[in-house]
Structures are given as structure tokens and as C-alpha cells.
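Heads up: the protein sequence lines correspond to chains A and B, in order.
Numbered per full-length UniProt numbering, the first sequence spans residues 1 to 123.
Numbered per full-length UniProt numbering, the second sequence spans residues 1 to 123.
Using N, Cα and C, we set each Cβ at its ideal position, and we do this for glycine too.
Nothing here was measured: the structure is a model prediction, and the numbers come from that model.
Read the structure below first, then the notes.
Protein chains: 2
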Amino acid sequence: MHKIILYTCSMANQQLIKGSLSTIVLHLLQSAGEMYGYEITQKVKQLTSDEIKLTEGALYPTLHKLEAEGTLTTESRKVDGRVRKYYRLTEDGKKATAERMEELEAFLLNMQRVLGLNIKLSS
Amino acid sequence: MHKIILYTCSMANQQLIKGSLSTIVLHLLQSAGEMYGYEITQKVKQLTSDEIKLTEGALYPTLHKLEAEGTLTTESRKVDGRVRKYYRLTEDGKKATAERMEELEAFLLNMQRVLGLNIKLSS
DNA sequence: ATCTTATGCATAAGAAAATTATGTATAAAA
DNA sequence: TTTTATACATAATTTTCTTATGCATAAGAT
Numbered sequence: 001m002h003k004i005i006l007y008t009c010s011m012a013n014q015q016l017i018k019g020s021l022s023t024i025v026l027h028l029l030q031s032a033g034e035m036y037g038y039e040i041t042q043k044v045k046q047l048t049s050d051e052i053k054l055t056e057g058a059l060y061p062t063l064h065k066l067e068a069e070g071t072l073t074t075e076s077r078k079v080d081g082r083v084r085k086y087y088r089l090t091e092d093g094k095k096a097t098a099e100r101m102e103e104l105e106a107f108l109l110n111m112q113r114v115l116g117l118n119i120k121l122s123s
Numbered sequence: 001m002h003k004i005i006l007y008t009c010s011m012a013n014q015q016l017i018k019g020s021l022s023t024i025v026l027h028l029l030q031s032a033g034e035m036y037g038y039e040i041t042q043k044v045k046q047l048t049s050d051e052i053k054l055t056e057g058a059l060y061p062t063l064h065k066l067e068a069e070g071t072l073t074t075e076s077r078k079v080d081g082r083v084r085k086y087y088r089l090t091e092d093g094k095k096a097t098a099e100r101m102e103e104l105e106a107f108l109l110n111m112q113r114v115l116g117l118n119i120k121l122s123s
């Protein structure tokens, strides 16, 4: 009768991701070649030990926007009776991803300066 | 007649700051003891070589919210004919700041994992 | 057999947080 | 005396995320 849902997350951590979601998506696609939406959510979940959870309500609109911009292309395939929509970087998308990553590194460097943290980036 | 405005900024870098603005503000206040709004904008500008610009439209509502939450207290003083509103952490605010910093470090660690960056934090 | 969970997509309503554009006011510099 | 710098504030809009919901199939549990 009662459905008990446990929210075990790292909370406010979540809001820090604002603004970097698309960069994360682009980077994952660059690494993997192609991925489908659900796969992306699971990958992030796995990489962060459940600490960062991409919600579908945030992910799918982001993917659609990137596709509309010409950054991504899609291809739907039926696997095990279910349709998966695979995303892949376009040539423009590869350039965009490189730019985004540089921006992110610059941002992390600025965070270092502002917060007095000692962050060392390598690769 | 013509006013030429040069936008030299690092653009998208800007949107990465979303979500971490209040953490930045809290950290700066913790370091300095007290600061007024304009001073915060100039400090961030200086620390990041003009790369991150806190707009007043973002900063002031954030300060007001933190004050309403009991995280900050204010004191207005007239200096050189102009009123400055100094902000300072409350006791609760000091705890909140420590928590926020931990969250930020956890976030940076997660970014490392997701993006495959090698970030080393020290202090 | 049937109910739940996992997989997989999508969108709509609402909230949160930023940008952009104003507005007021004083002091200093051009 | 006009512009720039200092110093506060808010309103309208946009962006972006959360929450809620919907549909559908497969697999596992009861």
C-alpha cells in the first residue's frame, strides 16, 4: 500500500552541475563514439557512484537542442524489442566539444583562483 | 555619437558558474570577514583576470536571499559620501559555508571522474 | 498469471537562477 | 559638464533544471 521512496542523494551537489550538463554529454559522446540517452544517464550514475543523477527531463531536452543546433546526429535502432536513439557528434560537434572542454578547464582554473583551491589539471 | 562596446569575454565560461555563485560569495566572505556587494564583483573580476564577471542582477538577489535565510547579516555604512552595505557570515553561515565547500569539492571530483580529468585538490 | 522493476523514449508544468535592462544616487575624472 | 567609477536595487525575460506524467516493451519476482 505504502510506497516508500528513499532519496539518498548528495543534494546541493546536484545544482552545481547546472551549466555543465551539455559539456558532460558532449565529452561522453566523444569518448564513446555513440551513445543513447538512457545509456548516458547510467554512465554518469556509474562514474559518480550514484552521486550525480541526470534526470531525463534535463537530458532529453539537452540532447534535442544539441541535435537542432547541428552538434549531434541521431540514428534509431531496435535492440531487444526496444527502440534506442543513438547520438553521435557531427564534425561541427567535435569542434564544439573541444571548445567546451577548454572553457571548462578555464572555468576550473578560475574556480581555483577565486576559491583559493589548488587544482592541477592533467589531460 | 556611436558608442562602441567591446565584449571580450570568455562567454560560455560564464554559464558554467551557474549554481556555484553563492558558494563563491560565501567563500569570499569567509576569507575577508566582511565585504560589500560592489567589492565582491571587483574581487571576482580581479581574481579571474576579467574572465568571470558577476553581474549585479545575479549578485544582489543572491545576497538578499542568503540574508533572508540567516546565512548573512548586513551593516550599512557611509564611506566617502556613499552608502556601502557590508555583508558578514553568521554562525550558521560559517557552517553552511563549510558544507558548501565540501559539496563543491565533491562536485569537482565527480567532474574529474565523468570527464576523465585528473584534478588534484589540496586545501 | 500478474505485478514490479528495468529499460527506453518524450513532454509539460513549475521553480530556480541567471541575463539584460533599467533606475536612483554620489564622487571623481576628463 | 559630461563621462566614468562607485554603490545600491529591482523588474522583465530567458535559460535551464526539477518534478510529474505519459507511453511502451522486456525481464524478473510473487
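Open item on the list: Run through chain A and tell me which residues come within less than 8 Å of residue 51 (chain B), C-beta to C-beta.
Closed with: Correct list: 106, 110.
Task: Rounded separation between residue 36 (chain B) and residue 48 (chain A) - CA only - done: Each residue's Cα considered, the two are about 37 Å apart.
Open item on the list: For a cutoff of 7 Å on Cβ pairs, would you count residue 97 (chain A) as touching chain B?
Closed with: At a cut-off of 7 Å, the C-beta of residue 97 (chain A) has no neighbouring C-beta in chain B.
Task: Entirely enclosed beta strand (DSSP E) segments - the segment 72 to 99 of chain A, minimum 3 residues - done: Whole beta strand (DSSP E) segments, 3+ residues: 72 to 79, 82 to 89.
Task: the UniProt domain "Transcription regulator PadR N-terminal" (25 to 98) of chain A: positions lying closer than 9 Å to chain B by Cβ - done: Those residues of the UniProt domain "Transcription regulator PadR N-terminal" (25 to 98) of chain A placed with their C-beta closer than 9 Å to a C-beta in chain B are 27, 28, 31, 43, 44, 47, 48, 49, 51, 52, ordered along the chain.
- [ ] Starting from the Cα of residue 105 (chain A), find the closest Cα among B:84, B:19, B:117, B:92 and give me that residue.
- [x] The shortest C-alpha separation from residue 105 (chain A) is found at B:117.
TODO: Measure the CB-CB distance between residue 74 (chain B) and residue 65 (chain B) and report whether it falls below 7 Å.
DONE: Going by C-beta atoms, residue 74 (chain B) is not nearer than 7 Å to residue 65 (chain B).
Open item on the list: In the DSSP output, what is residue 101 (chain B) paired with across the bridge?
Closed with: Note: residue 101 (chain B) sits in no beta bridge, so no partner.
Open item on the list: Distance check for residue 58 (chain B) and residue 3 (chain B), CA to CA, integer angstroms please.
Closed with: In this prediction, residue 3 (chain B) has a pLDDT of 28, which is less than 50 and means its spatial position is unreliable; what the coordinates show is noted afterwards. Cα to Cα, the separation comes out at about 25 Å.
Task: Whether residue 114 (chain A) touches residue 24 (chain B) by CB criterion (7 Å) - done: Yes, the Cβ-Cβ distance between residue 114 (chain A) and residue 24 (chain B) is below 7 Å.
TODO: State the start and end residues of the unbroken beta strand (DSSP E) segment that holds residue 140 (chain A).
DONE: Because chain A is modelled from 1 through 123, residue 140 (chain A) falls outside the range shown and cannot be assessed.
TODO: Hey, could you find the ends of the alpha helix (DSSP H) residue 63 (chain B) is sitting in?
DONE: Following the DSSP letters along the chain, one finds residue 63 (chain B) inside the alpha helix (DSSP H) bounded by residues 56 to 68.
TODO: Count the other C-beta atoms from every protein chain shown that fall within 10 angstroms of the C-beta of residue 62 (chain A), then say buried if there are 16 or more, exposed otherwise.
DONE: Answer is buried; the Cβ neighbour count reaches 16.
- [ ] Decide if residue 46 (chain B) is buried, meaning its Cβ has at least 16 other Cβ atoms within 10 Å, or exposed.
- [x] Answer is exposed; the Cβ neighbour count stays below 16.
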